[in-house]
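Undergrad: A single structure is presented below for examination.
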Amino acid sequence: MADWKSEVEEVVFPGKICVPYSWTVGSTLSKWYVQLRDDGEIWANRCPSCGKVYVPPKIKCLDCYKDMNDWVKLPGTGTVETFTVVHYHEPGLHPKKPPFVYGVVKMDGADTGLVHLIDVDPDKVKVGMRVKAKIAKERTGHITDIKHFKPLS
Amino acid sequence: MERVAVIGVGQTKYGTDKPETFHELVWEVANKALDDAGITVNEIDNVVSVSSDFWDGRTISSMAISDTSGAFGKDISTVEGDGTFGALYGMMRILSGSFGTTMVVAHHKGTESSMSGITNTAFDPLVERRLGLDAVTSAALQARRYMTVSGASEQQFARVSVKNHGNALRNPFAALPLEITVEDVMASPMVASPLKKLDCSPVTDGAAAVILAAEREAKKLTTNRKRVWLKGVGHCTDAFRLGDRDLADTRALKKAAKKAYDMAGVTTEDVDVVEVYDAFSYMEPLWLEGLGFCDDGMGPEITERGYFDFGGKLPVNPSGGRLSANPVQVAGLAGMIECVLQLRGEAGRRQVKGAEVALAHGINGMCGQSHCVWIMGK
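Shown next as C-alpha cells:
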C-alpha cells in the first residue's frame, strides 16, 4: 500500500480478551487426575489390542482405534528423550523464571512420552538422563500435581 | 479428474510493523491477484479465507473480510490452518462442481498479539497448556530430538538460516533479508536451546491470495503464460500430543509426499525448486528428508554441502523461506505463490533457471503435526 502514514496519524487500540471457561476433563483424564490427586500415583492406560501403554492416558489407541480400559500403575521413573533449556520469560505463562528445563520423559512401563518440567542444573541436563517424578504435596488434580521430574542419583 | 490451475497471485511485502488492518491487507492482495489474472471480482465464484481467530482477536473473522475479499453477495468459508490447506479446500470446492473459480486469501497480523500466548492456547488445556509450552519451546524439543537421532549439529542448522536469509536478499517481498554467517547465528541470543534467535522465524504481518480456476474457466479467463497447474496434492496428520510421536519421525509427511508425487506422476528427481516450511532452521532439513530429497538423517549434511543453495543442485526456499517472513498461515500460501512465480519465469533476481516442476509444503499444528504437499507445473 502507498505510504499513508506520512499523511495520517497511525492510531492503535490496546485491548485484551478475558473469557472464563469450565473445561470438562472427561472420563479418562478425570480418572487419571483423581488417582494422581488422591493417591499421588501416576497411572497409564493400555490398548487391549496392541498392548501399547499411554501416559497421559488416551480415550483410544492411535494405532488400533480401540477403547482402552486396562490401567497400569507406573513406577514414576523414566528417561529424558529430549529437552530444552528455556532462556526467555513469559510472565503469566511460564511456571518458572529462566533458565528452566522442559523435557519429554519416556516413563518406565509406558510407550509414549510425557512433556513436563525437569528440575535440574541447565548445564547438566542430558538426553538419556534417568529421572523420577516429584509429586506435589498440595494437589488439585492437574498436570502440576506432578511438580517436576528430578534426576535419579 | 478435472484439472485446476492457479490463474492469479498477489502478496503484500511481508513486514514486522505493518500499520494496515488485516482487512486492508486482504484488500491489497485480492486486488493484486485479480490484476495478475487480468479479471474482475465478478469472475470470482467463491472465497476461501485462511486465518486464526485467536491471532485476529475476534471470532469468525472471515465474516469481517467478506467485503474486501470479494465475497460480498457470494460465499466465504474459512480454513484455520496453513494456506496450503486453504488452497486444498479451494481446489476441492472447484472439483465438487459447485464453483468455477475460487479466491483463496490468507492474512496474519502476528505483531498485534503475543506469539507465546497465542501458540500456548494450541495446547490441551487439560494437560500441557498449564506447563507454559508454546511454538518455540515445543520446536526446541523437536530440534534436540532430531539432533539426537541424526547426529546433526547446531552449526548445521545455522547454515540453513544463513542460506535462507541470504536468499531473501533477492526477494523484494521478504521481511528479513540478512547477510549473515554461521557464527552470527551461533552468537545470536539463546531462546530455547538448541534454538537461537536466528534459528527462529520472525513474527510477521502480511497477506497473500491465489485465484484458482477449473480448466475450462482457466482457459477462458487467462493466457497460457499465467496458468500454473496444480498437478498433485497430498496431506496427512500425525498424533496431537508431542509425546505420542517420535518428534524426529516424519511419517505423516512421507505419506503426504507420496500421495502428491503419485497424483502428479513425478518423482523427487523431477522437482526443480522447493518451498518448504522452515519456521525454524532445523525444520528445513527434517522436512526435506520427509519429502524424500535425501535419506533420513542426511538433511543437515547435504545442506552444508550446498546442495540446496540457490545455485545448488536443488534450490530450496529461494524466496528466503519462513525464516525471512513467517506470517503464520499465510506462509504456506506465500510458498505456493513463489512456486507460481518460479514456474512462470517471473521470479526476478531469484529465478531458478528452467523451473518446470515445483513443490510447495505447509504444516499445521505443533512441530509439524500435519502436512500438505503440492506439486505444481506449467
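As they're listed, the protein sequences go chains A and B.
Quick note: the working numbering has the first sequence finishing at residue 153, numbered continuously throughout.
Quick note: the working numbering has the second sequence finishing at residue 1378, numbered continuously throughout.
The C-beta atom is built at its ideal place from N, Cα and C for all residues, glycine as well.
Ignoring anything shorter than 3 residues or poking outside the segment 53-106 of chain A, list the beta strand (DSSP E) runs there in chain order.
TA: Qualifying beta strand (DSSP E) stretches, in chain order: 70-73, 77-86.
Undergrad: Beta carbons nearer than 8 Å to chain A: which residues of the segment 1115-1133 of chain B have them?
TA: So the close ones are S1116, G1117, N1120, P1125, L1126, V1127, E1128, R1130, L1131, G1132, L1133.
Undergrad: What's the gap between the Cα of A/I17 and the Cα of B/G1117?
TA: In a straight line, the C-alpha of A/I17 is about 12 Å away from that of B/G1117.
Undergrad: Which of helix, strand or coil does DSSP assign to B/D1205?
TA: Strand at B/D1205.
Undergrad: Determine the closest residue to B/G1362 out of B/A1260, B/R1227, B/G1070, with distance taken between C-alpha atoms.
TA: Nearest option by C-alpha distance: B/A1260.
Undergrad: In the DSSP assignment, the beta strand (DSSP E) including B/T1237 goes from what residue to what residue?
TA: Run containing B/T1237: 1228-1237, per the beta strand (DSSP E) assignment.
Undergrad: In chain order, what residues of the segment 1046-1063 of chain B put their CB closer than 8 Å to some CB of chain A?
TA: From the segment 1046-1063 of chain B, only G1057 have a Cβ closer than 8 Å to chain A.
Undergrad: So the candidates are B/L1025, B/Y1089, B/G1097; which of them puts its Cα closest to the Cα of B/V1233?
TA: Of B/L1025, B/Y1089, B/G1097, the residue nearest in Cα terms is B/Y1089.
Undergrad: Within 7 Å of any Cβ in chain A, is that where the Cβ of B/L1141 sits?
TA: Interface residue, yes.
Undergrad: How would you write the range of the alpha helix (DSSP H) that B/F1085 sits in, first residue to last?
TA: 1083-1095 is the extent of the alpha helix (DSSP H) around B/F1085.
Undergrad: Between the segment 1090-1108 of chain B and the segment 59-67 of chain A, do at least 3 Cβ pairs fall closer than 8 Å?
TA: No, they do not touch.
Undergrad: Select from B/Q1369, B/V1328, B/N1167, B/A1334 the residue whose C-alpha is nearest the C-alpha of B/R1349.
TA: Of the candidates B/Q1369, B/V1328, B/N1167, B/A1334, the one whose C-alpha sits nearest the C-alpha of B/R1349 is B/N1167.
Undergrad: Quick check on the DSSP output: what are the complete alpha helix (DSSP H) runs of length 4 or more inside the segment 1099-1149 of chain B, in order along the chain?
TA: Listed in chain order, the complete alpha helix (DSSP H) runs (minimum 4 residues) inside the segment 1099-1149 of chain B are 1115-1120.
Undergrad: Check whether the Cβ atoms of B/F1157 and B/S1281 sit closer than 7 Å, and answer yes or no.
TA: Yes, these two residues count as a Cβ contact at 7 Å.
Undergrad: Quick check on B/A1242 - is its C-beta less than 7 Å from some C-beta in chain A?
TA: Residue identity differs from the one stated: residue 1242 of chain B is Leu in this sequence, not Ala. Yes, because at least one Cβ of chain A sits closer than 7 Å to the Cβ of B/L1242.
Undergrad: Between which two residues does the alpha helix (DSSP H) harbouring B/A1218 extend?
TA: Element bounds for B/A1218: 1215-1221.
Undergrad: Going by DSSP in three states, B/L1291 sits in which element: helix, strand or coil?
TA: B/L1291 falls in the coil class under three-state DSSP.
Undergrad: Which residues in chain A sit within 8 Å of B/M977, going by Cβ to Cβ distance?
TA: Nothing can be reported for residue 977 of chain B: it is not among the residues displayed for chain B, which extend from 1001 to 1378.
Undergrad: Mind checking whether B/F1099 and B/D1045 have CB atoms under 7 Å apart?
TA: Yes, these two residues count as a Cβ contact at 7 Å.
Undergrad: Taking all protein chains shown into account, decide if B/E1346 is buried (16 or more other Cβ within 10 angstroms of its Cβ) or exposed.
TA: B/E1346 should be labelled exposed.
Undergrad: Counting only Cβ pairs nearer than 9 Å, list the residues of chain A close to B/A1355.
TA: Per Cβ cutoff of 9 Å: no residues; B/A1355 is ~30 Å from chain A at best.
Undergrad: Using only alpha-carbon positions, find the residue among B/F1173, B/N1042, B/Q1369 that is nearest to B/F1123.
TA: Of the candidates B/F1173, B/N1042, B/Q1369, the one whose C-alpha sits nearest the C-alpha of B/F1123 is B/Q1369.
Undergrad: Taking 8 Å as the threshold, find out whether the segment 1134-1149 of chain B comes into contact with the segment 1202-1214 of chain B through three or more Cβ pairs.
TA: Cβ pair count under 8 Å is below three, so no.
Undergrad: Assign A/P91 to one of two classes, buried (16 or more other C-beta atoms within 10 Å of its C-beta) or exposed (fewer than that).
TA: Answer is exposed; the Cβ neighbour count stays below 16.
Undergrad: Note down, in chain order, all residues in the segment 1311-1328 of chain B with a beta-carbon under 9 Å from any beta-carbon belonging to chain A.
TA: Against chain A - using a Cβ distance shorter than 9 Å - the segment 1311-1328 of chain B contributes no residues.
Undergrad: For B/H1108 versus B/V1328, is the C-beta distance shorter than 7 Å?
TA: Contact: yes.
Undergrad: If you follow the alpha helix (DSSP H) that A/A133 is in, where does it begin and where does it stop?
TA: From DSSP, A/A133 is part of no alpha helix (DSSP H) but of the beta strand (DSSP E) over 130-135.
Undergrad: Going along chain A, which residues have a C-beta under 7 Å from B/S1188?
TA: Those do not exist, as B/S1188 stays about 12 Å from chain A at its closest Cβ, beyond 7 Å.
Undergrad: Leaving aside the five residues before and after A/K60 along the sequence, list all residues of the same chain whose C-beta is less than 8 Å from its C-beta, in chain order.
TA: Here the set comprises K66, D67, M68.
Undergrad: Among B/W1374, B/R1344, B/L1333, B/P1194, which one has its Cα closest to the Cα of B/V1029?
TA: Checked all of B/W1374, B/R1344, B/L1333, B/P1194; the closest Cα to B/V1029 is B/L1333.
Undergrad: Closer than 8 Å is the cut-off here; do at least three beta carbon pairs connect the segment 79-93 of chain A with the segment 1208-1221 of chain B?
TA: As far as the Cβ criterion goes, the segment 79-93 of chain A does not touch the segment 1208-1221 of chain B, which means the pair count is below three.
Undergrad: Do you know how far the Cα of B/I1211 is from the Cα of B/K1032?
TA: Looking at the two C-alpha atoms, the distance is approximately 10 Å.
Undergrad: Taking A/T79 as the query, report the chain B residues whose CB atoms sit under 8 Å from its CB, ordered along the chain.
TA: Within chain B, no residue comes near A/T79; the closest Cβ sits about 12 Å away, beyond 8 Å.
Undergrad: Just the chain B side, please: which residues come within less than 9 Å of A/Y90 by C-beta, in chain order?
TA: For the record, residue 90 of chain A in the displayed sequence is Glu; it is not Tyr. Per Cβ cutoff of 9 Å: S1114, S1116, G1117, N1120, G1132, D1134.
Undergrad: Who are the Cβ neighbours of B/V1352 in its own chain at under 7 Å, not counting the five residues just before and after it?
TA: Around B/V1352: D1272, V1273, P1315, P1318, Q1342.
Undergrad: Look at the alpha carbon of B/V1191 and the alpha carbon of A/D111, and state the distance between them as a whole number of angstroms.
TA: Rounded to the nearest angstrom, the two C-alpha atoms are 30 Å apart.
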